[in-house]
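Student: Sending over a structure as structure tokens; questions will come in a sec.
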């Protein structure tokens, strides 16, 4: 099965750490987050992987090579200008079967193969992995009626939402809706597909999920590293490769 990992961002939320090292190569124990993700995908049958790159692309190529060290085939698609989250798909030529797309700054114990099976069963254009998220408003929230009279006053309420995990399974038919080589974002693509009557499915996941683009979750993720590494069958004592970079950093 095929997977596309979006790894072209600059990681500004983790600056200044990401000034010289791309966010997906930030270390967790002895391994970068992207290596954990790739090993997890491999264990779920995703062995044909494309990394979409931009910022410091040569470091990814130096570290992962062709992917054989990890038991997968890795190809690369490099953007000259940022194309958003969906636009990079237009630079990849062989997306002819349903494929997984995900951000490169996530740690989760999601069953990727079950998500894929769900998408195929639903025959959806796109399936979005969703996670429950509680958001607390740190202020008093009031509701008014049409006469501007207070009818409800809630102090620091908590609201619950289903949020995108940044993980999708995509059917190849959606490629016709993406303008080649132009910037496009997944939220815009999803809304457009729904307007056109295409089926968009949601897959609710209640397990562990961390967006390590944020400093607080990066700290939490380091505590969960061994659990996620074990789930990915990644040998914790294996020596990571040594960088051999041919381009200047």
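Residue numbers (the working numbering): 7 to 255.
Each residue gets a CB set at the ideal place from its N, CA and C atoms; glycine is no exception.
This one's a predicted model, so the numbers in the text were calculated from it and none came from an experiment.
Let me check understanding here. Comparing Cα to Cα, which of 153, 134, 117 lies closest to residue 45?
Tutor: Position 39 of the chain shown holds residue 45. It is 117 whose Cα lies nearest to the Cα of residue 45.
Student: Grab the span of the alpha helix (DSSP H) containing residue 39 for me, first residue to last.
Tutor: Your numbering for residue 39 matches position 33 in the chain shown. Note, residue 39: alpha helix (DSSP H), 39 to 49.
Student: Using alpha carbons as the reference points, say which of 79, 112, 129 lies closest to residue 103.
Tutor: Position 97 of the chain shown holds residue 103. It is 129 whose Cα lies nearest to the Cα of residue 103.
Student: Where does residue 248 sit, in a helix, a strand or coil, going by DSSP?
Tutor: Numbered from its first residue, the chain shown carries residue 248 at position 242. Here residue 248 scores only 47 on pLDDT, less than 50, and its place in the model should not be relied on; the value that follows carries that caveat. Reduced to three states, the DSSP call for residue 248 is coil.
Student: Would you kindly work out how many angstroms separate the C-alpha atoms of residue 9 and residue 166, rounded to a whole number?
Tutor: The residue given as residue 9 occupies position 3 in the chain shown. The residue given as residue 166 occupies position 160 in the chain shown. Those two C-alpha atoms are separated by around 30 Å.
Student: According to DSSP, is residue 88 part of a helix, a strand, or is it coil?
Tutor: As a working mapping, residue 88 is identified with position 82 in the chain shown. Looking at residue 88 - three-state DSSP - the assignment turns out to be coil, as it is neither helix nor strand.
Student: Could you name the residues of the same chain whose beta carbon sits closer than 7 Å to that of residue 92, not counting the 5 residues immediately before and after it, in chain order?
Tutor: Your numbering for residue 92 matches position 86 in the chain shown. Result list for residue 92: 184, 190, 191, 192, 195, in chain order.
Student: Should residue 160 be labelled buried (16 or more other beta-carbon atoms within 10 Å of its own) or exposed?
Tutor: The residue given as residue 160 occupies position 154 in the chain shown. Label assigned to residue 160: exposed.
Student: From residue 87 to residue 30, what distance separates their C-alpha atoms?
Tutor: Mapped onto the chain shown, residue 87 falls at position 81. Mapped onto the chain shown, residue 30 falls at position 24. C-alpha separation (whole angstroms): 19 Å.
Student: Could you spell out where the beta strand (DSSP E) holding residue 137 opens and where it closes?
Tutor: Here residue 137 is taken as the residue at index 131 of the chain shown, counted from 1. Element bounds for residue 137: 132 to 142.
Student: Please go through the stretch 182 to 213 and give each complete alpha helix (DSSP H) segment of 4 or more residues, from N-terminal end onward.
Tutor: 192 to 201, all fully within the stretch 182 to 213.
Student: Residue range of the alpha helix (DSSP H) that residue 119 falls in?
Tutor: Position 113 of the chain shown, counted from the first residue, corresponds to residue 119. Run containing residue 119: 118 to 128, per the alpha helix (DSSP H) assignment.
Student: Starting from residue 166, follow its DSSP beta bridges and name the residues at the other end.
Tutor: Here the question's residue 166 lines up with position 160 in the chain shown. Answer by DSSP bridge pairing, in chain order: 140.
Student: For residue 212, tell me which candidate among 89, 147, 171, 13 has the shortest Cα-Cα distance.
Tutor: For the purposes of this step, residue 212 is identified with residue 206 of the chain shown, where counting begins at 1. Cα-wise, what sits closest to residue 212 is 171.
Student: What's the gap between the Cα of residue 107 and the Cα of residue 202?
Tutor: In the chain shown, counting from the first residue as 1, residue 107 sits at position 101. In the chain shown, counting from the first residue as 1, residue 202 sits at position 196. Cα-Cα distance, rounded: 22 Å.
Student: For residue 124, which residues from the same chain have a beta carbon less than 6 Å from its beta carbon, with the 5 sequence-adjacent residues on both sides left out?
Tutor: To locate residue 124, count along the chain shown from 1; it is residue 118. Once the five neighbours on either side are set aside, the close Cβ partners of residue 124 are 209.
Student: On a CA-only basis, which of 96, 215, 162, 119 is nearest residue 139? Give me that one, please.
Tutor: Looking up residue 139 in the chain shown gives position 133. Closest by alpha carbon: 215.
Student: Apart from the five residues just before and just after residue 198, which ones in its own chain have a Cβ nearer than 7 Å to its Cβ?
Tutor: By 1-based counting over the chain shown, the position of residue 198 is 192. Around residue 198: 183.
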